[in-house]
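Novice:
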Amino acid sequence: MLLNARLSALLALSLGLAAAAPATLVLGSGTPMPLPPSVIGGFNYGNWMPVVEAKKDLRSVAPTLLRFPGGNVGDENDLTAASLVPLKSNLELLTTGPTPPALMVQTRVFGGKPGAKNQPQDAAQAAKDAQAANLKVAYWEIGNEPDLYSVNRGDVTWTPQRYCATFRAQRQAILQVDPSAKFAGPAVSNTGDKAASFLEQFVKGCGDIVDLLTWHEYPTDGLSSDADALASVSVIDRDVKRFRALMDSQSGNPLGYTRRTPLGVTEYSLSYVSGRPRHLSDQVGALWAAEATLRLAENGASVAAYFALQATGGHGLVDLAGIPRPTLYAFQQLHAFTGSGLPISSDNPALWTHAAQDGPLLTVLVTNTAAEAHSLTAALPGYQLVGGKTFTQKTVDDENEMIRLPLSATLDLPALSLTRLVYKKQ
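Take the sequence shown: its letters are residues -20 to -1, 1 to 406, numbered as in mature numbering (1 follows the signal peptide of the UniProt record, and there is no 0).
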């Protein structure tokens, strides 16, 4: 009996040591995939955002694309020359490189009241106003979440077929002003059955003229457990793949299946409930946002715009008072993720890993999704670790700088953290 007890104790000890063994990283040998800058660094922007008050923080994420006016504001307000004035000013404030962030502009589609400027001639006028303001529009997105016009706005006449006809009419009007213009849509509100059906019916009728197929991702209402909320990021993989297949399918896209139409997610966040800060302005929301962005880039999306840049209820990298949120830190980490993506994996399923090669430097992002710390062996054959930074909810709450990690063989990754490791090729 004593011998059996000792054997049991030794077995338990060995299992404990095995469980505590540091995770390892394995860099794959797949073909490097260029990371589209219009995915990592895209945001929804609106004129209600006090950009000048948070200029330093917002510039620190180096926005690469702005979607204007962001959200359903474009369904409730006319797109006028006056509205482009603050847009242009803030576009200049947010420019950190030789060229300003790319610009996606929503046209007004839903009317809602008499006199609304949502006709084809109004879309054409918006294009003229943009030209007069010397604004280069990468994409005109025709409306916003048209699948909800019949639900939330009570107009049952807004079918996918009516939206498709409106898309064609506004597109043609803008092309008369700018023959090189490109068009995005339908920007459905989510990827549930009803919204996905709306998108699919739109593709059947307008797949030949849409230059960027767009939809939104809001998988939760902010009430899920942290673990379930983080796991919901799998919808990104599913949706990019299924909508890629849809656009390339002759039966699903009979008018445009040969065009290889790019894909874009023009709003995304962990929760759609703006008035509930949980899983929006906390660490879980930030970790999800970073992972969603990386998966969009690696799965082949061409455009992505996180909702939102600033001060939109629980959404935004900083709040109305300019106080940083965890998402600011997350997108600061992503800002350095440039070049070409490489496959990388870990033997610890709690760790999400991504790698990008840019010249001699390799950037590795590691998200610890667990509620406890995990250790990681830093070694990667052929590379030398030259830097490492991480952050936690406490880092943000204390408004501290990123936590600098020691350049040691084994690294301790805090619970619910996003770590950036930089290696130099040897």
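Just so you know, even glycine gets a beta-carbon here, dropped at the ideal spot from N, CA and C.
1. For Ser355, write down the residues that DSSP places opposite it in a beta bridge.
2. For a quick check, are the C-beta atoms of Lys404 and Arg384 less than 8 Å apart?
3. Leu128 and Ala164: beta carbons closer than 8 Å?
4. Would you mind giving the Cβ-Cβ distance between Tyr309 and Thr375, rounded to the nearest angstrom? I have them listed as a contact below 8 Å.
5. Find out if the Cβ-Cβ distance for the pair Ala351, Leu396 is shorter than 8 Å.
6. Classify Gln86: buried if its beta carbon has 16 or more other beta carbons within 10 angstroms, exposed otherwise.
7. If you run the structure through DSSP and keep just helix, strand and coil, what is Arg47?
8. Would you identify the three-state DSSP class for Ala3, choosing helix, strand or coil?
9. Just mark Gln406 as buried or exposed, buried being the case when its beta carbon has 16 or more other beta carbons within 10 Å.
10. Quick one: Cα of Glu72 to Cα of Phe311, how far?
11. Determine the closest residue to Gly265 out of Val245, Ala110 and Ala207, with distance taken between C-alpha atoms.
12. Mind checking Thr79: buried by the 16 CB within 10 Å criterion, or exposed?
13. Determine the DSSP secondary structure at His259, reduced to helix, strand or coil.
14. Which residue comes first and which comes last in the alpha helix (DSSP H) that contains Glu180?
15. Leaving aside the five residues before and after Arg256 along the sequence, list all residues of the same chain whose C-beta is less than 7 Å from its C-beta, in chain order.
16. Tell me the DSSP secondary structure of Thr79 in three-state form.
17. Please give the ranges of any alpha helix (DSSP H) in the segment 263 to 296, keeping only runs that are unbroken, at least 4 residues long and fully inside the region.
18. Taking Pro49 as the reference, which of Cys144, Gly244, Gln290 and Thr349 has the closest Cα?
19. Only counting the same chain, and skipping five residues up and downstream in sequence, which positions put a Cβ closer than 7 Å to that of Ser254?
20. Report the rounded CA-to-CA distance for Arg250 versus Ala269, giving the unit in angstroms.
21. Where do the N-terminal and C-terminal ends of the beta strand (DSSP E) with Leu59 fall, by residue?
22. Between Val215, Thr357 and Gly92, which has its C-alpha nearest Leu391's C-alpha?
23. Quick check on the DSSP output: what are the complete alpha helix (DSSP H) runs of length 4 or more inside the segment 68 to 126, in order along the chain?
24. To the nearest angstrom, how far is it from the Cα of Arg239 to the Cα of Ala272?
25. In angstroms with no decimal places, state the Cα-to-Cα distance between His334 and Leu179.
26. Give every residue of the same chain whose Cβ lies closer than 6 Å to the Cβ of Asn98, excluding the five residues on either side of it in the sequence, and list them in chain order.
27. What does DSSP give as the partner residues of Asp338 in its beta bridges?
28. Just tell me which of Ser204, Ala149 and Ala211 has its CA closest to the CA of Arg258.
29. Just how far apart, CA to CA, sit Asn70 and Ala1?
30. Pop quiz: Pro81 and Leu46 are said to be a contact at Cβ under 8 Å. What is the actual Cβ separation, rounded to whole angstroms?
31. Nearest CA to the CA of Asn124: which residue from Thr246, Thr349 and Ser320?
Specialist: Reading it off the structure:
1. On the sequence shown, residue 355 is found 375 positions in, with the first residue counted as 1. Answer by DSSP bridge pairing, in chain order: Asp392.
2. Within the sequence shown, residue 404 is the residue found at index 424, counting from 1. Within the sequence shown, residue 384 is the residue found at index 404, counting from 1. No, Cβ-Cβ distance for Lys404 and Arg384 is not below 8 Å.
3. Against the sequence shown, residue 128 aligns to sequence position 148. Against the sequence shown, residue 164 aligns to sequence position 184. Cβ distance not < 8 Å, so Leu128 and Ala164 don't count as in contact.
4. As a working mapping, residue 309 is identified with position 329 in the sequence shown. As a working mapping, residue 375 is identified with position 395 in the sequence shown. Right, the Cβ-Cβ distance comes to about 7 Å (below 8 Å), so this counts as a contact.
5. Mapped onto the sequence shown, residue 351 falls at position 371. Mapped onto the sequence shown, residue 396 falls at position 416. Against a cut-off of 8 Å, the Cβ pair of Leu396 and Ala351 comes out as a contact.
6. Sequence index remark: in the sequence shown, residue 86 carries index 106 (1-based). The residue is buried, with at least 16 neighbouring Cβ atoms inside 10 Å.
7. Sequence index remark: in the sequence shown, residue 47 carries index 67 (1-based). Correct three-state label for Arg47: strand.
8. For this step, residue 3 is matched to residue 23 along the sequence shown. Looking at Ala3 - three-state DSSP - the assignment turns out to be strand.
9. By 1-based counting over the sequence shown, the position of residue 406 is 426. It is exposed - the Cβ of Gln406 has fewer than 16 other Cβ atoms within 10 Å.
10. As a working note, residue 72 is residue 92 in the sequence shown. As a working note, residue 311 is residue 331 in the sequence shown. For Glu72 and Phe311, the distance between alpha carbons rounds to 20 Å.
11. If you number the sequence shown from 1, residue 265 lands on position 285. Closest option to Gly265, Cα to Cα, is Ala207.
12. Numbered from its first residue, the sequence shown carries residue 79 at position 99. Exposed.
13. Locating residue 259 in the sequence shown gives position 279, where the first residue counts as 1. Of the three classes helix, strand and coil, the one that applies to His259 here is coil, per DSSP.
14. Position 200 of the sequence shown, counted from the first residue, corresponds to residue 180. Element bounds for Glu180: Asp173 to Cys186.
15. On the sequence shown, position 276 is the one that residue 256 refers to. Only Gly202 and Gly294 meet the Cβ criterion.
16. The residue given as residue 79 occupies position 99 in the sequence shown. In this structure, Thr79 counts as coil in the three-state DSSP scheme.
17. 263 to 279
18. Along the sequence shown, one-based indexing puts residue 49 at 69. Ranking Cys144, Gly244, Gln290 and Thr349 by Cα distance to Pro49 puts Gln290 first.
19. Position 274 of the sequence shown, counted from the first residue, corresponds to residue 254. Within the same chain, Ser254 has close Cβ partners Thr292, Gly293, Gly294 and His295.
20. If you number the sequence shown from 1, residue 250 lands on position 270. If you number the sequence shown from 1, residue 269 lands on position 289. The question names Arg, yet the displayed sequence has Leu at residue 250. Approximately 7 Å between the Cα atoms of the pair.
21. By 1-based counting over the sequence shown, the position of residue 59 is 79. No beta strand (DSSP E) holds Leu59; DSSP gives it neither H nor E.
22. Here residue 391 refers to the residue found at position 411 of the sequence shown. Ranking Val215, Thr357 and Gly92 by Cα distance to Leu391 puts Thr357 first.
23. 100 to 112
24. Here residue 239 refers to the residue found at position 259 of the sequence shown. Here residue 272 refers to the residue found at position 292 of the sequence shown. Spanning the two alpha carbons is a distance of roughly 26 Å.
25. Position 354 of the sequence shown, counted from the start, is the residue given in the question as residue 334. Position 199 of the sequence shown, counted from the start, is the residue given in the question as residue 179. About 30 Å.
26. Within the sequence shown, numbered from 1, the residue matching residue 98 stands at position 118. Answer for Asn98: Arg88, Val89 and Gly91, listed in chain order.
27. By one-based count along the sequence shown, residue 338 stands at place 358. According to DSSP, which records beta bridges pairwise, Asp338 is partnered with Leu341.
28. Counting from 1 along the sequence shown, the entry for residue 258 is found at position 278. Answer by Cα proximity: Ser204.
29. As a first step, residue 70 must be located in the sequence shown, where it is residue number 90. As a first step, residue 1 must be located in the sequence shown, where it is residue number 21. About 49 Å.
30. Start at 1 with the first residue of the sequence shown, and residue 81 comes out as number 101. Start at 1 with the first residue of the sequence shown, and residue 46 comes out as number 66. With a Cβ gap of about 5 Å, Pro81 and Leu46 count as contacting.
31. For the purposes of this step, residue 124 is taken as residue 144 along the sequence shown, with counting starting at 1. Among Thr246, Thr349 and Ser320, the Cα nearest to that of Asn124 is on Thr246.
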